[in-house]
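A short write-up of the structure that comes next.
Residue numbers (our numbering): 6 to 507.
Encoded structure:
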């Protein structure tokens with residue numbers, strides 16, 4: 006690879022990521038040069054940088070798909086859409102971080118820098134056209150999150166969360182890297198484009214030589230190294246998006262990490278995992294094979310059911326949202342199993358909706374936090390509507406959306422994903438998804454009942470103005486309702502993204 010042959014076009018296509026890299030170094034330098042710089046000033050710099058990166062990202066929306074850096078990066082509508090999603094998630098996260106509890110211990114310069122570099126890793130995962138680039142993006146994201154999860158250095162739960170996440174994440178990265186090596190050894194290339202071509206040629210040859218009485222051959226006749234590599238890579242991504250049985254880390258990490266970082270992991274990190282998984286599934290064409298369809302069918306049902314059932318027993322809001330996040334990963338996986346345009350467009354709509362409603366739910370926890378404690382037990386939300394009506398109303402909207410009640414974004418998100426599965430013939434999978442959504446009503450609406458239908462305990466606490474957190478919650482509420490009331494314009498865009506991916 007001759008670096009001198011790179012052109013301006015290569016760097017221009019990677020402009021959103023390069024902008025964030027420069028922003029990260031700038032924020033770190035500002036923190037070193039001006040150690041007493043106000044956190045609000047750093048926040049303004051970060052948000053301006055995110056806006057510039059978002060502007061560069063949208064410049065590629067209407068263009069034709071292009072590759073950069075010798076085919077290692079691809080810029081299509083799918084990558085552009087996820088780039089925007091990651092920037093939105095990161096922007097809301099840094100705004101939530103200016104709350105009463107976090108300002109006691111956060112070193113905002115280093116903290117914001119890690120969030121920025123984690124966002125770069127996510128964007129690389131969504132734009133990857135090569136397995137090594139995908140792995141590089143995953144590690145950039147993961148290493149940043151390991152540190153962010155343990156940023157409360159004096160909190161034993163935060164240190165435990167960081168250590169658990171690091172150990173299990175290292176194992177998952179090992180599975181992923183070993184899977185990449187096996188696929189490279191079997192297919193002869195780590196390029197997703199060449200991998201897709203090899204799979205198509207193999208399937209064409211297999212179909213031509215297989216009698217009509219044996220239609221289920223296909224991928225089953227690939228070398229065992231290739232199949233093993235795919236299994237290992239799916240395990241690696243399953244850990245990142247918290248699919249059962251690779252979910253055990255999520256509740257402890259979400260509970261111990263700072264609340265804004267829990268929101269960031271539940272939204273941006275999960276979306277990045279699904280973006281990479283979708284590219285792998287389509288390149289390897291495994292969702293056309295009956296055996297793989299059955300495997301993912303079982304994983305989706307187990308993920309939905311286990312996440313919802315265990316969430317019923319949770320008294321801690323952050324742990325409840327962690328198990329809820331596991332269940333939502335199962336719902337989103339239904340769109341991947343459908344393997345059609347509506348299913349993939351439904352995934353994109355779901356991830357955008359989930360970003361706003363989940364960041365919003367964690368944002369209410371951040372808003373209520375005081376400098377000496379964080380309100381995370383459901384019992385502490387008793388009578389919240391009488392004490393903090395805005396926070397209670399916002400939390401109710403997010404709970405309605407997460408449970409899938411119209412006219413919120415969560416209802417339409419599930420509707421589109423389930424519609425794609427029905428179109429593909431997965432009727433029973435959709436029925437089980439609907440049953441799981443009904444189960445989730447109990448613990449989501451339970452919080453609403455506690456806030457609005459129970460008397461508050463103790464005296465009314467003084468309200469601490471938190472402009473950045475309130476603005477972030479306002480954006481999340483508006484987006485959750487807007488996506489639910491006016492979904493058509495968004496689905497048109499997401500169907501274009503799905504066609505770009507397919």
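Glycine included, each C-beta is placed from N, C-alpha and C at the ideal position.
Between which residues of its own chain and residue i is the CB-CB distance below 6 Å, once the five residues before and five after are set aside?
| i | result |
| --- | --- |
| residue 335 | 305, 308, 309 |
| residue 444 | 313 |
| residue 20 | 61 |
| residue 361 | 481, 484, 485 |
| residue 499 | 350, 353, 354 |
What number of angstroms, rounded off, separates the C-alpha of residue i from the C-alpha of residue j?
| i | j | result |
| --- | --- | --- |
| residue 58 | residue 12 | 20 Å |
| residue 139 | residue 103 | 32 Å |
| residue 118 | residue 166 | 20 Å |
| residue 157 | residue 296 | 45 Å |
| residue 372 | residue 293 | 46 Å |
| residue 485 | residue 268 | 16 Å |
| residue 508 | residue 83 | The chain is shown from 6 up to 507; residue 508 falls before or after that span and cannot be answered. |
| residue 221 | residue 438 | Note that residue 221 has pLDDT 48, beneath the 50 cutoff, so the model's placement of it is unreliable and the number below is only indicative. Cα to Cα, the separation comes out at about 27 Å. |
| residue 494 | residue 343 | 22 Å |
| residue 489 | residue 168 | 39 Å |
| residue 46 | residue 28 | 14 Å |
| residue 280 | residue 25 | 19 Å |
| residue 504 | residue 382 | 44 Å |
| residue 41 | residue 35 | 10 Å |
| residue 23 | residue 16 | 8 Å |
| residue 243 | residue 459 | 39 Å |
| residue 359 | residue 272 | 7 Å |
| residue 497 | residue 283 | 19 Å |
| residue 384 | residue 258 | 22 Å |
| residue 94 | residue 398 | 22 Å |
| residue 545 | residue 204 | Missing from the structure shown is residue 545; the chain here goes from 6 to 507 and no further. |
| residue 423 | residue 89 | 25 Å |
| residue 30 | residue 100 | 19 Å |
| residue 97 | residue 289 | 34 Å |
Going by beta carbon distance, what residues of the same chain come within less than 8 Å of residue i, once the five residues before and after it are set aside?
| i | result |
| --- | --- |
| residue 427 | 435 |
| residue 145 | 122, 123, 125, 126, 129 |
| residue 187 | 230, 231, 233, 234, 237 |
| residue 323 | 259, 260, 264, 267, 367, 370, 381 |
The beta strand (DSSP E) that contains residue i, what's its start and end?
| i | result |
| --- | --- |
| residue 80 | 78-80 |
| residue 71 | 71-73 |
Can you list, in chain order, the residues of its chain whose CB lies under 7 Å from that of residue i, leaving out five sequence neighbours each side?
| i | result |
| --- | --- |
| residue 328 | 256, 312, 315, 316, 319 |
| residue 218 | Its pLDDT being 46, under 50, residue 218 is placed unreliably by the model, and the measurement read from it follows with that caveat. There are no such residues. |
| residue 191 | 228, 230, 231, 234 |
| residue 71 | 18, 80 |
| residue 151 | 167, 170, 171, 174 |
| residue 396 | 369, 372, 373, 389 |
| residue 161 | none |
Distance cutoff 7 Å, beta carbons only. Does residue i sit that close to anything in chain C?
| i | result |
| --- | --- |
| residue 120 | Absence of chain C from the displayed structure is noted, only one protein chain being present. |
Start and end of the alpha helix (DSSP H) containing residue i?
| i | result |
| --- | --- |
| residue 11 | Per DSSP, residue 11 belongs to no alpha helix (DSSP H) and is neither H nor E. |
| residue 256 | 254-261 |
| residue 532 | This structure gives no information on residue 532, because the portion of the chain shown stretches from 6 to 507. |
| residue 117 | 113-132 |
| residue 155 | That residue, residue 155, is in no alpha helix (DSSP H); it is neither H nor E in DSSP. |
| residue 441 | 432-458 |
| residue 363 | 346-373 |
| residue 414 | 414-428 |
| residue 304 | 295-316 |
| residue 492 | Premise fails: residue 492 is in no alpha helix (DSSP H) and is neither H nor E. |
| residue 328 | 322-343 |
| residue 26 | 20-38 |
| residue 292 | That residue, residue 292, is in no alpha helix (DSSP H); it is neither H nor E in DSSP. |
| residue 394 | 394-408 |
| residue 184 | 161-192 |
| residue 265 | 264-269 |
| residue 237 | 229-245 |
Relative to the alpha-carbon of residue i, which residue among the options has its alpha-carbon at the smallest distance?
| i | options | result |
| --- | --- | --- |
| residue 276 | 451, 86, 472 | 86 |
| residue 453 | 366, 471, 477, 501 | 366 |
| residue 185 | 143, 171, 154 | 143 |
| residue 375 | 264, 449, 25, 332 | 264 |
| residue 195 | 380, 76, 163, 49 | 76 |
| residue 501 | 348, 446, 386, 407 | 348 |
| residue 65 | 460, 325, 14 | 14 |
| residue 415 | 363, 89, 248, 397 | 363 |
| residue 332 | 290, 250, 96 | 250 |
| residue 155 | 266, 291, 203 | 266 |
| residue 134 | 73, 326, 393 | 73 |
| residue 198 | 441, 78, 411 | 78 |
| residue 63 | 91, 410, 379, 49 | 91 |
For the ligand ZN, I want to know if residue i counts as a neighbour, meaning its beta carbon is within less than 6 Å of at least one of the ligand's heavy atoms.
| i | result |
| --- | --- |
| residue 441 | In terms of ligand content, the structure shown is empty, and the ligand ZN therefore cannot be addressed. |
message: Check whether the stretch 170-185 and the stretch 146-156 are in contact - that is, three or more C-beta pairs closer than 8 Å.
response: Inter-segment contact for the stretch 170-185 and the stretch 146-156 is present: three or more beta-carbon pairs are separated by less than 8 Å.
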